[in-house]
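Structure first, commentary second.
Residue numbers (the working numbering): 132 to 751.
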């Protein structure tokens with residue numbers, strides 16, 4: 132079983148001691164994902180591995196699965212997939228957070244490779260991912276009143292010849308002809324051995340995860356057994372997981388945060404996972420009852436993306452005893468300091484920030500969850516791995532290491548780094564001789580702690596001045612009326628970009644734009660970073676894992692600017708403006724004008740040419 136040490140890692144001195152005591156090979160004898168579950172079942176066969184809540188109701192009788200039982204289910208799934216798909220089959224799944232999802236994921240990785248799919252994607256995008264991965268089997272949630280997963284699954288089966296469709300539904304539900312019933316097929320297999328030979332492991336591909344989808348077309352990232360094991364081990368050791376821990380599992384299981392950070396790491400430590408409904412913190416009832424459930428199940432670790440935890444923190448703890456909580460864990464998006472401070476006020480514990488990336492098998496660095504924490508820091512690199520901050524050369528290559536406090540590009544190396552994308556052409560400028568260019572900007576302090584300074588692609592560049600959107604967002608979220616702030620660049624003919632900020636208010640909060648502007652100017656030190664405009668909107672758009680969807684907001688900012696140009700400055704009242712993400716310049720703008728006088732077209736085209744986006748004027 133993985134040796135997580137006798138003493139927790141609290142600081143960089145402990146981390147160095149941990150690495151010096153023994154090698155990674157000595158600490159991590161597991162060769163395959165299945166080995167993790169075998170070790171945990173050997174050590175704690177009757178201990179609860181998963182507590183599954185479906186509704187979160189106070190009187191709910193949760194489903195609980197022990198480690199020996201979980202191992203048996205994974206073996207059954209492994210044998211099932213092998214029987215259905217032959218040697219090393221690709222198994223895709225579209226499932227919410229369920230026990231069956233874990234059984235599918237780890238069983239697929241043991242028999243062949245898994246392809247977790249964000250079921251919120253459109254069918255055409257999912258079809259592309261399935262074809263690119265070569266998956267033979269698709270496991271999907273059956274008919275459901277609130278989810279359209281099954282409808283998408285049937286469409287995919289008709290589009291992809293030979294695709295084997297497996298339906299996950301409650302016992303007794305009807306399964307149509309040509310579809311495999313997950314439960315029946317599972318129980319037809321033995322649970323005490325593998326029927327086809329040895330489990331896959333080592334450098335065998337365990338999974339293809341698609342990228343988060345915040346920019347461009349999702350790409351498939353390869354994970355090996357080794358890369359996931361090293362990432363999970365790093366997460367368990369830096370978070371100080373132990374067999375007495377109970378972690379609130381709220382991340383989706385098509386994302387590395389849910390599968391590795393709050394998944395495999397938990398199982399490696401023989402801890403307990405508390406799945407807070409299939410939808411996690413996207414379920415309003417779970418958000419409303421979060422502290423009651425935390426108290427009821429004596430959770431020791433609270434986990435979630437910053438936006439979701441921010442919503443949870445708006446609910447009162449009241450009389451509930453949450454004294455078992457020892458720390459909070461967050462990641463998948465940058466943590467606004469205001470949310471971290473509020474978490475401390477509500478729980479008395481630190482909210483520790485994790486830096487992860489699909490291309491690094493889910494984990495890069497963590498501020499040790501047994502330490503004191505540092506505001507804004509994502510801590511140190513995982514044990515036995517390396518994180519550097521490097522200067523960005525003019526030819527887009529990475530250069531020398533930055534000085535303390537100097538912002539550069541974060542680069543990662545270690546056995547947790549992915550071997551690359553399924554399509555090698557995407558590897559250029561990302562993977563280079565085992566070094567991963569994260570695309571994140573950051574810096575280190577004198578202790579080697581890492582801090583994030585934003586995504587390089589998210590920088591707002593105003594007349595050559597680089598503005599970190601996080602500077603604006605962190606300042607705006609300190610206003611008591613502000614729930615979420617998202618800063619992006621608005622196209623400008625003179626400056627290239629100007630900062631604008633979209634604001635989502637707390638429920639029942641009222642505040643004027645003028646007041647928010649005043650707050651921005653009093654809390655943002657850099658005058659060029661003061662938002663040119665502030666827009667209060669009902670809801671800041673988020674991805675399925677809680678990241679702010681910046682491409683959509685950048686498009687909205689461009690649309691607002693072009694609308695002002697076309698309607699107010701040029702007086703074209705009947706024009707329609709459409710803005711989409713993509714193209715050589717990152718954004719395409721189309722101005723459609725009704726049939727009539729065309730004399731204005733050259734002037735409009737000339738005006739639009741002053742901006743950095745692609746533009747087209749058409750008569751409709």
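Built from N, CA and C at the ideal position, the CB exists for glycine as well.
Check	Outcome
Residues that residue 622 bridges to, as DSSP identifies them	628
Sheet register partners of residue 366 (DSSP bridge)	According to DSSP, residue 366 bridges with nothing at all.
Three-way DSSP call (helix, strand, coil) for residue 544 in this model	strand
Range of the contiguous beta strand (DSSP E) that encloses residue 638	Per DSSP, residue 638 belongs to no beta strand (DSSP E) and is neither H nor E.
Whole-angstrom distance between residue 429 and residue 615, CA atom to CA atom	29 Å
Integer-rounded CB distance, given that residue 381 should sit under 8 Å from residue 407	6 Å
Residue 511 - partner residues in DSSP beta bridges	497
Close beta carbons around residue 199, own chain, < 6 Å, minus the five adjacent residues each side	172, 176
Simplified DSSP assignment, three categories, for residue 214	helix
Closest by C-alpha distance to residue 487, when choosing among 418, 436, 553, 606	436
Backbone CA spacing between residue 443 and residue 456 [nearest angstrom]	15 Å
Buried/exposed call for residue 413, threshold 16 Cβ in 10 Å	buried
Bridge partner(s) assigned by DSSP for residue 615	635
Rounded C-alpha distance that separates residue 184 from residue 205	20 Å
Straight-line gap, residue 438 to residue 423 (C-alpha atoms, nearest Å)	20 Å
Residue 225 in three-state terms, based on DSSP	strand
Limits of the unbroken alpha helix (DSSP H) element including residue 396	396-399
Nearest neighbour of residue 662, chosen from 674, 706, 624, 598 [CA to CA]	598
Boundaries of the beta strand (DSSP E) in which residue 745 is found, first to last residue	745-750
Residues near residue 283 by beta carbon distance below 6 Å, same chain, minus five either side	254
Separation of residue 228 from residue 446, as counted between CA atoms	23 Å
Spatial distance of residue 178 from residue 193 (CA atoms)	15 Å
Rounded separation between residue 704 and residue 645 - CA only	28 Å
Minimum C-alpha distance to residue 512 - residue among 325, 233, 582, 384	582
Identified DSSP bridge partners for residue 523	529
Residues near residue 285 in its chain [Cβ-Cβ closer than 7 Å; skip 5 each side]	none
Neighbour-count burial assignment, residue 650, 16 or more Cβ in a 10 Å radius	buried
Three-pair Cβ contact test at 8 Å for the segment 630-649 versus the segment 392-399	no
Nearest-angstrom Cα separation, counted from residue 670 out to residue 610	17 Å
Identity of the residue in 499, 364, 495, 231 nearest residue 132 by Cα	364
Under the three-state DSSP convention, the category residue 683 falls into	helix
Between the CA atoms of residue 569 and residue 733 - distance to the nearest angstrom	42 Å
Beta-bridge partners of residue 602, as assigned by DSSP	Its beta-bridge partners do not exist; DSSP assigns none.
Nonlocal neighbours in the same chain, by C-beta distance under 6 Å from residue 196, ignoring five residues either side	180, 181, 230
Given 8 Å, three or more beta-carbon pairs between the segment 543-563 and the segment 354-369	yes
Given residue 490 as reference, the closest of 552, 292, 273 once Cα atoms are compared	552
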